[in-house]
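In the working numbering, the protein residues as written are 13 to 584.
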DNA sequence: TGCGGCTATTG
DNA sequence: CACAATAGCCGCAG
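As structure tokens, then:
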């Protein structure tokens, strides 16, 4: 096929069912594709030119991944929008309104179909409405539209891309923002791949582990209820007197249950009950019950059935930057799977896992974002809490709690004394955190080192002054302060992590090793056994490349612990 | 039926 | 039990 593009092009791509349009950024070269040529043409463009693909949203990435394509580079307008504007909301209408400086508080909606309206078959001819907004009906029509409309869609993507590039370069004091935009885009693409690939799981092993908590798989609903009642009885049998309608799933009921055996607690959380195991035999039974109940409801047979495919892969939905500071999130328990289930995460025959986690990532990030020379010097130690402890004249554990407390905004408790030591030993880092907290308390927006806006203004219900007690207002301001203070560290750590992940993804493209899990500071790769040593080297070297790219110019050292293992639980 | 509270799990 | 997340069940208001 004769391609109209040249090496180094940036190419906007818009796809629908069986139709596609690709448009080069620096000219008017276009390629219109139908179902018969699309896969082959896109693969050829990728292979020969390796362009940076521009698309409106990760839906396009999902489409291409489902088609067997693994693009090397992209620019995800949605991901970059969230970086620039903060929050989790995106979508073409909002992106466009922001690019044109239009009011985003009331974006045009597609009229909801009701009993009286006729289904509309004719889509609007123009993408833009007279008021400048994108017409949502036109966007909806894209999916059943012709290639000409997709060409317009791609051209609009190019327009937004150019504008985003300019915006990022104009951000004051954020020279790395354009790089963040690229790694955030890569992370979004990686999310599409994680959704498609899934995490290898040994279902038989998972069922053995689940059975060890709640017994074999129930035959039906009645059987399940009977087994649950038996578990309840193991707790309730310790209780003297009549049971009434006591429900172990009701915290108030558990509280009164404990009161009946002479135990008074403000709440019934496990860490609190843990210390009361010796008080009465029912406490131990209750804690065992809680563990089983957790497996039964959240990580039991239903969980396996719902999220594991016939290919033995556990799949969830991935978001590249949900929430406060832009960490990756995942559903289906991929981010909070109990440690007891990890032995079931097993590499397939002929494969191994390459697992690596960043060591002490948050305090190292703090040293980088605050430009604190003394704290940066501490990062040259493999265990940076050791030099901090020496400098403060406290034990390592106290130093660790103090540093974490400073980043989370703790003001009371054991770490509070050492906190004052931190202020004199590392004044630059502490002042950086304090400034972020003050700004957030006022309700002013923050921006991470890599350029992500952390919105403080839009998150709160706007209360009239005086219609809330002074104490509550102060407590909420303090909460905002802790949130903002932590977002500077957690958000920058998320940016560093995604830079690392993007590098690893790119370097592993030529070999048979793929990222199958991202866990905030940990990467898990599924690798052909023969490639594992190469993959492990890529992962380890990737940390150095990420620190050069993300924290170039600072004297902060980042470290990773890498191992090649057969199952997830084999890691140290 | 939707929402806040409580609980558990992870980084 | 600080910061973040997903997810389940319960009680309660509408």
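Using N, Cα and C, we set each Cβ at its ideal position, and we do this for glycine too. Note that this is a predicted model, so its numbers are computed, not measured.
Classify residue 6 as helix, strand or coil using the three-state DSSP reduction. No answer is possible for residue 6: the residues shown for the chain start at 13 and end at 584.
Measuring CB to CB, does residue 192 end up less than 8 Å from residue 463? Within the first chain, the letter at position 180 stands for residue 192. Within the first chain, the letter at position 451 stands for residue 463. A contact, by the Cβ cut-off of 8 Å.
Mark residue 359 as exposed unless 16 or more other C-beta atoms lie within 10 angstroms of its C-beta, in which case mark it buried. For the purposes of this step, residue 359 is identified with residue 347 of the first chain, where counting begins at 1. Label assigned to residue 359: buried.
Check: residue 412 C-beta below 7 Å from any heavy atom of the ligand PLP: Of the ligands one can find in the structure shown there are none, so the ligand PLP has no counterpart to examine.
Tell me which same chain residues have a C-beta within less than 6 Å of the C-beta of residue 37, skipping the five on either side of it? Against the first chain, residue 37 aligns to sequence position 25. Beyond the five residues adjoining it in sequence on each side, residue 37 comes within less than 6 Å, by CB distance, of 22, 170 in the same chain, given in chain order.
Would residue 215 and residue 320 qualify as a contact pair, given that the criterion is a beta-carbon distance under 8 Å? As a working mapping, residue 215 is identified with position 203 in the first chain. As a working mapping, residue 320 is identified with position 308 in the first chain. Going by C-beta atoms, residue 215 is nearer than 8 Å to residue 320.
Does the beta-carbon of residue 429 have 16 or more other beta-carbons within 10 angstroms, so that it is buried, or is it exposed? Taking the first chain and counting its residues from 1, the one referred to as residue 429 is at position 417. With fewer than 16 other Cβ atoms within 10 Å, it is exposed.
Buried or exposed: which applies to residue 246, given that a residue is buried once 16 or more other Cβ atoms fall within 10 Å of its Cβ? Here the question's residue 246 lines up with position 234 in the first chain. Under this definition residue 246 is an exposed residue.
Residue environment, residue 122, which counts as buried when at least 16 other CB atoms sit within 10 Å: The residue given as residue 122 occupies position 110 in the first chain. Exposed, because fewer than 16 other Cβ atoms sit within 10 Å of the Cβ of residue 122.
Residue from 445, 386, 513 with nearest C-alpha to residue 370: Residue mapping note: residue 370 aligns to position 358 of the first chain, counting from 1. Checking every option, the nearest Cα to that of residue 370 belongs to 513.
Assign residue 195 to one of three DSSP states: helix, strand, or coil. Here the question's residue 195 lines up with position 183 in the first chain. Residue state for residue 195 is assigned as helix, using DSSP reduced to three classes.
Proximal residues to residue 225 (C-beta, below 7 Å), its chain only, five neighbours per side dropped: In the first chain, the residue the question calls residue 225 occupies position 213. Within the same chain, 303, 304, 307 come within 7 Å of residue 225 by CB-CB distance, once the 5 residues on both sides are set aside.
Could you name the residues that DSSP lists as bridge partners for residue 86? The residue given as residue 86 occupies position 74 in the first chain. DSSP, once it has assigned bridges, lists 65 as partnering residue 86.
Does the beta-carbon distance from residue 383 to residue 566 come in below 8 Å? Here residue 383 refers to the residue found at position 371 of the first chain. Here residue 566 refers to the residue found at position 554 of the first chain. Against a cut-off of 8 Å, the Cβ pair of residue 566 and residue 383 comes out as a contact.
Select from 147, 51, 451 the residue whose C-alpha is nearest the C-alpha of residue 77. Taking the first residue of the first chain as position 1, residue 77 is located at position 65. Nearest of 147, 51, 451 to residue 77, Cα basis: 51.
Residue 102 versus residue 24 - alpha carbon distance: Along the first chain, read from residue 1 onward, the residue named residue 102 stands at position 90. Along the first chain, read from residue 1 onward, the residue named residue 24 stands at position 12. Using only the alpha carbons, I get a separation of about 19 Å.
Could you check whether residue 190 and residue 201 sit closer than 8 Å to each other, using their CB atoms as the reference points? Working through the first chain from its first residue, we reach residue 201 at position 189. Working through the first chain from its first residue, we reach residue 190 at position 178. If you check the CB distance, residue 201 and residue 190 do not come in under 8 Å.
Determine the direct distance from the alpha carbon of residue 173 to that of residue 336, and round the result to whole angstroms. Taking the first chain and counting its residues from 1, one reaches residue 336 at position 324. Taking the first chain and counting its residues from 1, one reaches residue 173 at position 161. Whole-angstrom Cα-Cα distance: 24 Å.
Under the rule that 16 or more other beta-carbon atoms within 10 Å means buried, what is residue 454, buried or exposed? Within the first chain, numbered from 1, the residue matching residue 454 stands at position 442. Here residue 454 is exposed: its Cβ has fewer than 16 other Cβ atoms, across all protein chains shown, within 10 Å.
DSSP three-state call for residue 161: helix, strand or coil? Locating residue 161 in the first chain gives position 149, where the first residue counts as 1. DSSP places residue 161 in helix when its eight states are reduced to three.
Just grab the DSSP bridge partners of residue 29 for me. Taking the first chain and counting its residues from 1, the one referred to as residue 29 is at position 17. In DSSP, residue 29 forms no bridge with anything.
Which ranges does the alpha helix (DSSP H) cover as unbroken runs of at least 4 residues, wholly within the region 193-232, from first to last along the chain? The region 193-232 contains these whole alpha helix (DSSP H) runs: 215-226.
Can you grab the Cα-Cα spacing for the pair residue 405 / residue 375, in whole Å? Numbered from 1 along the first chain, position 393 holds the residue referred to as residue 405. Numbered from 1 along the first chain, position 363 holds the residue referred to as residue 375. Pairing residue 405 with residue 375, the inter-Cα distance amounts to about 18 Å.
Taking the beta carbon of residue 343 as the centre, do at least 16 other beta carbons fall within 10 Å, making it buried, or is it exposed? Numbered from its first residue, the first chain carries residue 343 at position 331. Burial call: exposed.
Just how far apart, CA to CA, sit residue 481 and residue 490? Along the first chain, read from residue 1 onward, the residue named residue 481 stands at position 469. Along the first chain, read from residue 1 onward, the residue named residue 490 stands at position 478. Roughly 14 Å separates the two Cα atoms.
Own chain, CB closer than 8 Å to residue 263, minus 5 neighbours either side, in chain order: On the first chain, residue 263 is found 251 positions in, with the first residue counted as 1. Excluding residues within five positions, the ones whose Cβ falls inside 8 Å are 279, 280.
So for residue 287, helix, strand or coil by DSSP? For the purposes of this step, residue 287 is taken as residue 275 along the first chain, with counting starting at 1. Coil.
Would you decide whether residue 498 is buried or exposed? Buried here means 16 or more other CB atoms lie within 10 Å of its CB. To locate residue 498, count along the first chain from 1; it is residue 486. Flag for residue 498 reads buried.
With burial defined as no fewer than 16 other Cβ atoms inside 10 Å of the residue's Cβ, what is the status of residue 197: buried or exposed? Translated into the one-based positions of the first chain, residue 197 becomes position 185. Answer is buried; the Cβ neighbour count reaches 16.
Under 8 Å by Cβ, that's how I've got residue 541 and residue 363 pegged, so tell me the actual separation to the nearest angstrom. Residue 541 sits at position 529 when you count from the first residue of the first chain. Residue 363 sits at position 351 when you count from the first residue of the first chain. For residue 541 against residue 363, the beta-carbon gap comes to about 6 Å, under 8 Å, which counts as contact.
Am I right that residue 564 and residue 519 are in contact with their C-beta atoms under 8 Å? What's the rounded C-beta distance? Indexing the first chain from 1 puts residue 564 at position 552. Indexing the first chain from 1 puts residue 519 at position 507. Contact between residue 564 and residue 519 fails: their C-beta atoms lie close to 18 Å from each other, not under 8 Å.
If we ignore side chains and look at the alpha-carbon of each, how far apart do residue 346 and residue 508 end up? Sequence index remark: in the first chain, residue 346 carries index 334 (1-based). Sequence index remark: in the first chain, residue 508 carries index 496 (1-based). Residue 346 and residue 508 have their alpha carbons spaced roughly 21 Å apart.
Determine the direct distance from the alpha carbon of residue 160 to that of residue 213, and round the result to whole angstroms. Taking the first residue of the first chain as position 1, residue 213 is located at position 201. Taking the first residue of the first chain as position 1, residue 160 is located at position 148. Their backbone Cα atoms lie some 44 Å apart in a straight line.
Can you tell me whether residue 418 is buried or exposed, with buried defined as 16 or more other CB within 10 angstroms of its CB? Residue 418 sits at position 406 when you count from the first residue of the first chain. Buried is the call here.
Going by DSSP in three states, residue 466 sits in which element: helix, strand or coil? Looking up residue 466 in the first chain gives position 454. Strand, per DSSP.
C-alpha distance - residue 254 paired with residue 270, whole-angstrom precision: Here residue 254 is taken as the residue at index 242 of the first chain, counted from 1. Here residue 270 is taken as the residue at index 258 of the first chain, counted from 1. When rounded, the distance between both Cα atoms is 14 Å.
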